[in-house]
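Before any comments, here is the structure.
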Amino acid sequence: MRQLYFLIFLLFTSISSAQSKEVLQQQFDQQIAETTQLAKNGQLQEAIKK
Numbered sequence: 391m392r393q394l395y396f397l398i399f400l401l402f403t404s405i406s407s408a409q410s411k412e413v414l415q416q417q418f419d420q421q422i423a424e425t426t427q428l429a430k431n432g433q434l435q436e437a438i439k440k
């Protein structure tokens with residue numbers, strides 16, 4: 391029975407970790423898109439100063 395609980399725990403933590411990685415990837419992609427847009431508009435230097 392302990393092994394079953396341990397396997398369930400491992401499954402839960404791996405799913406949680408995968409979801410966290412997905413959220414981090416989405417945030418990173420959003421930041422890259424925003425930075426690219428600022429660069430295209432010539433506003434990147436101004437944003438860096440702030």
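Residues 391 to 440, numbered by my numbering, are exactly what the sequence shown covers, in order.
Glycine included, C-beta positions come from ideal geometry on N, C-alpha and C.
Being a predicted model, the structure only gives us computed values, none of them experimental.
Rounded to the nearest angstrom, what separates residue i and residue j at their Cα positions?
| i | j | result |
| --- | --- | --- |
| Gln393 | Gln415 | 33 Å |
| Phe402 | Gln409 | 11 Å |
| Gln427 | Lys411 | 24 Å |
| Asp419 | Ala429 | 15 Å |
| Gln421 | Ala437 | 13 Å |
| Met391 | Ile405 | 21 Å |
| Gln433 | Glu424 | 11 Å |
| Lys439 | Val413 | 28 Å |
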